[in-house]
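Below you'll find the structure, written out as structure tokens, and then a few comments.
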Amino acid sequence: MNFIMFTHVQVIVATVAFGMGIDKPDVRFVWHFAASRSLEHYYQESGRAGRDGLPAVCIIQWRFADLFRLASLVFAEATGLTKLLEIASFCLATVNCRRKLIAASLGDASWTEKDCDEQPCDSCLRSRGLENGQLLQINVSSLLEKVYQILAEEATNKRRLTGQKIVDKLRTSKSVQTDLEQQIGYSMMRDEYTHFLEQFICWALIRQQLAIEFHFTPYSTICYIVSDKKVATDLMMSYWHQGKIINTGRKRSLKPMPNEIEICSKPAQCARTENPEMAIELSDEG
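The sequence shown lines up with residues -19 to -1, 1 to 267 when you count with mature numbering (1 follows the signal peptide of the UniProt record, and there is no 0).
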């Protein structure tokens, strides 16, 4: 450990177990290349940064496959899935203060967005119009109805679908894409459309419109998507589009914006907080 504490080493790639043992006060960033199991875990792990009281950056990369990989690891825990969906909601948050979300998960309801003014998280930057992009509110009721229809058809044939299989089926449906593009006013490129569908499935799981059913084999645990609910009307999902929609008079066109951190653009979505541990200590987050 001495070579970390006293030499010119700038970056350490480590497992969670090793990283939690680092007690170096001037760590300037903690970068998670996969989501933690819960917000409590993420709070502790990202708390390695900024212990000297100076600004530090914490980044967590999230992708669709993470949810099901982690679900197969935590399903046996009493609150494992609940906490996993909580951090999934944190990672997918568009304009909700990340410090406020972390604080709420730890039982602190006193934190407000105004407490995030000095060093705002990425969500607060978006909500204040300081980050490139546009927040869209999309009615996903018909999309959820389509998912239920797909699941019912597969159940009739005694087949089950994983989250990725549902995304693949939705992606090939022209009616789904047409309805979506009529709402948002522009045509999504293939990668963005896939990303939106993946985010939608996570959104539906978080809001218990869909559920995960586990199937066990001698070698693995498979996560299938199931549901027996009826679709409610006017289900609205927030979606952050990384770009600018321009009204040209006839058809709205899309002007892409460069991502602030290119490595985060694909395949993972990034959530960033500035010095979350210090912020919560001062408030007594997102």
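Even glycine gets a Cβ: it sits at the ideal position worked out from N, Cα and C.
Item: Using the Cβ count rule (16 or more neighbours within 10 Å means buried), how would you classify P6?; Value: exposed
Item: Just how far apart, CA to CA, sit S53 and V(-4)?; Value: 18 Å
Item: Residues in its own chain within less than 7 Å of A(-6) by CB, not counting five upstream and five downstream?; Value: none
Item: Compute the Euclidean distance between the alpha carbons of V212 and T159, then round it to the nearest angstrom.; Value: 20 Å
Item: Whose C-beta lies closer than 7 Å to the C-beta of L66 among residues of the same chain, with five residues either side of it excluded?; Value: L186 and I187
Item: Roughly how many angstroms separate the alpha carbons of G121 and C105, rounded to a whole number?; Value: Checking the sequence shown, residue 121 turns out to be Val, not Gly. V121 and C105: Cα-Cα distance of roughly 25 Å.
Item: How many angstroms separate the CA atom of S70 from the CA atom of Q190?; Value: 14 Å
Item: Given a cut-off of 8 Å on the beta-carbon distance, is the pair R141 and Y174 in contact?; Value: no
Item: Taking the DSSP output, what are the residues bridged to C97?; Value: Bridge partners of C97: none, in fact.
Item: Please report how far the alpha carbon of I165 lies from the alpha carbon of G114, in whole angstroms.; Value: 13 Å
Item: Between I131 and K146, what straight-line distance do the alpha-carbon atoms span, to the nearest angstrom?; Value: 10 Å
Item: Rounding to the nearest angstrom, what Cα-Cα distance links D172 and D33 in this structure?; Value: 41 Å
Item: Does DSSP classify L12 as helix, strand or coil?; Value: Correcting the residue type first, residue 12 is Trp in the shown sequence and not Leu. Looking at W12 - three-state DSSP - the assignment turns out to be strand.
Item: CA-CA distance, S201 and L111?; Value: 44 Å
Item: What whole-angstrom Cβ distance do L73 and Q180 have, given they're in contact under 8 Å?; Value: 6 Å
Item: Are the CB atoms of V148 and L178 nearer to each other than 8 Å?; Value: yes
Item: Comparing C-alpha positions only, which one of D89, G2 and M218 sits nearest to Q118?; Value: M218
Item: Between R109, S86, L87 and G88, which lies nearest to K95 when the distance is taken from Cα to Cα?; Value: R109
Item: Tell me whether the beta-carbon of Y129 lies closer than 8 Å to the beta-carbon of I68.; Value: no
Item: State the DSSP-derived secondary structure class of Y129, mapped to helix, strand or coil.; Value: helix
Item: Taking Cβ positions, are T93 and K81 nearer each other than 8 Å?; Value: yes
Item: What span of residues does the beta strand (DSSP E) with S219 cover, start to end?; Value: M217 to H222
Item: Is L124 closer than 8 Å to V76 when the C-beta atoms are compared?; Value: no
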